[in-house]
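Protein chains in written order, with numbering that gives the first Met the number 0: chain A, 0 to 109; chain B, 0 to 239.
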Amino acid sequence: MLAALTLLLVYQLVGEVLVQLLGLPVPGPVVGMLLLFVSLILRGRAPQRLRATSNALLSHLSLLFVPAGVGVMLHFERLGAEWLPIVVALVASTVITIGVAALVMRALQR
Amino acid sequence: MSGKFSEIWVYLSASPLLGLTVTLLAYQAAYWIYARAKMNPLLNPVALSVAMLVALLWFTGTPYPTYFEGAQFVHFLLGPATVALAVPLYANLDTLKRNLLPLGGALLAGSVTAVLSAVAIGWALGASRETLLSLAPKSVTTPIAMGIAEKLGGLPSLTAVLVVTTGIVGAVLARGTLNLLRVEDPAVRGFAVGIAAHGIGTARAFQVSETMGAFAGLGMGLNGMATAFLFPVLVTLWGG
């Protein structure tokens with residue numbers, strides 16, 4: 000648990016450092032995820048302890064969004080003023096995206 | 000007696016303990032309600048706990064930064080959790096290799112559609128630039144979406160709310176949309192839901208079937224990565 004958590008933090012740290020060094024427009028943790036993904040491919044398997052820790056962390060993933068979500072209270076004014084474009088864009092775009100992704104995948108399967 | 004209570008309140012509200020504890024309590028209460036309601040996507044535990052906490056802060060007159068001093072310990076874990084997404088992605092490596100063309104094509108089309116359609120519709124209806132930048136990564140799993148928004152001048156906390164709302168919308172509307180298009184293959188259904196509605200859509204897909212869930216998880220992970228790299232390019236093209 001401790002070793003695997005340290006490993007995740009090390010990858011995140013390396014990701015953040017690379018982003019700063021190279022001025023990448025991508026979030027540091029995403030670079031960390033990519034590096035870990037490549038490491039796992041090179042290694043040929045995911046260690047049991049890493050799998051267990053990742054599962055534990057990801058099974059409570061929704062909890063981690065709560066503090067930022069509460070920040071909605073800072074944006075009530077904006078939401079009040081722009082609720083129509085936000086709601087329409089969100090609902091329509093989500094439905095369109097599901098449709099496009101599904102149809103493209105089905106077309107390419109043949 | 001009330002003097003004693005207000006003394007305790009003053010002491011507690013200055014320490015991070017309270018913010019952290021109420022976050023964990025609210026989430027568990029919300030999860031309990033969600034589980035009792037047979038995981039109805041409309042009672043999403045994130046939306047529910049956010050509502051409870053906002054009400055609590057509002058009633059006690061607590062400013063958000065004071066709350067966040069405690070809640071930041073939970074928030075911090077988003078970083079390592081994002082890195083950890085590599086593990087389930089790796090577990091699906093064989094599926095990925097076998098279906099490289101259909102998955103890659105759907106990923107690219109879905110990822111670009113999710114960003115462009117949201118920004119285009121929002122823009123046409125008069126949303127501000129900051130709102131559009133916060134709205135653009137809405138289909139990506141929250142930790143990545145917030146990172147993207149922060150990096151490019153959106154509002155990460157607004158993005159978090161929009162991402163969760165997108166997930167709920169996707170989980171509720173996916174079935175009808177896919178049935179209307181007569182898409183039956185659970186792999187295709189799952190992958191599309193994962194791309195459009197990230198973790199919440201994935202959780203919903205797992206309730207339907209194991210295959211649909213696995214492909215949804217794959218779609219979520221890949222779209223997170225794809226959007227993180229595509230989004231800056233789109234913003235530059237747009238005249239960032």
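Ideal Cβ positions, reconstructed from N, Cα and C, are used throughout, including at glycine.
Within the stretch 89-104 of chain A, the residues whose Cβ lies closer than 9 angstroms to some Cβ of chain B are Leu-89, Val-90, Ala-91, Ser-92, Thr-93, Val-94, Ile-95, Thr-96, Ile-97, Gly-98, Val-99, Ala-100, Ala-101, Leu-102, Val-103 and Met-104, listed in chain order. Not one beta carbon of chain B lies nearer than 8 angstroms to the beta carbon of Gly-43/A. Taking 8 angstroms as the cut-off, the Cβ atoms of Thr-226/B and Gly-212/B do not count as close. According to the DSSP assignment, Ala-13/B belongs to no alpha helix (DSSP H), since it is labelled neither H nor E. For Arg-105/A, the uninterrupted alpha helix (DSSP H) run begins and ends at 75-108, by DSSP.
Chain A has a Cβ within less than 8 angstroms of the Cβ of Ser-116/B. At least one beta carbon of chain A lies nearer than 8 angstroms to the beta carbon of Met-224/B. If you draw a 10 Å sphere on the C-beta of His-74/B, you find 16 or more other C-beta atoms in it, and that means buried. Using a CB distance below 7 angstroms, the part of the stretch 58-84 of chain A facing chain B consists of Leu-60, Ser-61, Leu-62, Leu-63, Phe-64, Val-65, Pro-66, Ala-67, Gly-68, Val-69, Gly-70, Val-71, Met-72, Leu-73, His-74, Arg-77, Glu-81, Leu-83 and Pro-84, ordered along the chain.
Not one beta carbon of chain B lies nearer than 8 angstroms to the beta carbon of Leu-1/A. Neighbours of Gln-108/A in chain B, taken as residues at a C-beta separation under 9 angstroms, are given in chain order as Asn-98, Leu-100, Pro-101, Asp-184, Ala-186 and Val-187. In this structure, DSSP gives Ala-36/B a state outside helix and strand, which the three-state scheme calls coil. Between Ala-13/B and Thr-65/B, the alpha-carbon positions lie close to 8 angstroms from each other. By the Cβ neighbour-count rule, Ile-147/B is buried, with 16 or more other Cβ atoms within 10 Å of its own. When secondary structure is reduced to three states using DSSP, Thr-130/B falls in the helix class.
For the pair of segments examined, the stretch 192-208 of chain B was found not to touch the stretch 79-90 of chain B: the number of CB pairs separated by less than 8 angstroms stays below three. Ala-34/B has its alpha-carbon roughly 30 angstroms from the corresponding atom of Ala-3/A. The C-beta of Lys-96/B has fewer than 16 other C-beta atoms within 10 Å across all chains shown, which makes the residue exposed. Proximity of the stretch 3-13 of chain A to the stretch 49-60 of chain A meets the contact definition, three or more beta-carbon pairs being nearer than 8 angstroms.
Ranked by Cα distance from Leu-41/A, the options Leu-92/B, Leu-47/B and Ala-126/B are led by Leu-92/B. What Leu-21/A touches in chain B, judged by beta-carbon distance under 8 angstroms, is nothing: the nearest beta carbon there is about 13 angstroms away. Burial is judged here by how many other beta carbons sit within 10 angstroms of a residue's own beta carbon; Val-9/B has fewer than 16 and is exposed. At a cut-off of 8 angstroms, the C-beta of Pro-142/B has a neighbouring C-beta in chain A. Below 8 angstroms, too few C-beta pairs join the stretch 101-116 of chain B and the stretch 33-40 of chain A to call them touching: fewer than three. Distance check between Gly-121/B and each of Leu-23/A, Met-104/A and Trp-82/A places Trp-82/A closest, using alpha-carbon atoms only.
In this structure Ala-67/A is in contact with Ser-156/B, their Cβ atoms being roughly 5 angstroms apart against a cut-off of 8 angstroms. Non-local beta-carbon contacts of Leu-17/B in its own chain, meaning distances under 7 angstroms to residues more than five positions away in sequence, involve Leu-11 and Gly-69 in chain order. In terms of beta-carbon proximity, Ala-215/B stays away from the interface with chain A, with every pair separated by 8 angstroms or more. Three or more beta-carbon pairs separated by less than 8 angstroms are not found between the stretch 161-175 of chain B and the stretch 216-231 of chain B, which leaves the two stretches without contact. For Arg-188/B, same chain residues with a beta-carbon under 7 angstroms away, outside a window of 5 residues either side, are Leu-177, Val-182 and Met-211 in chain order.
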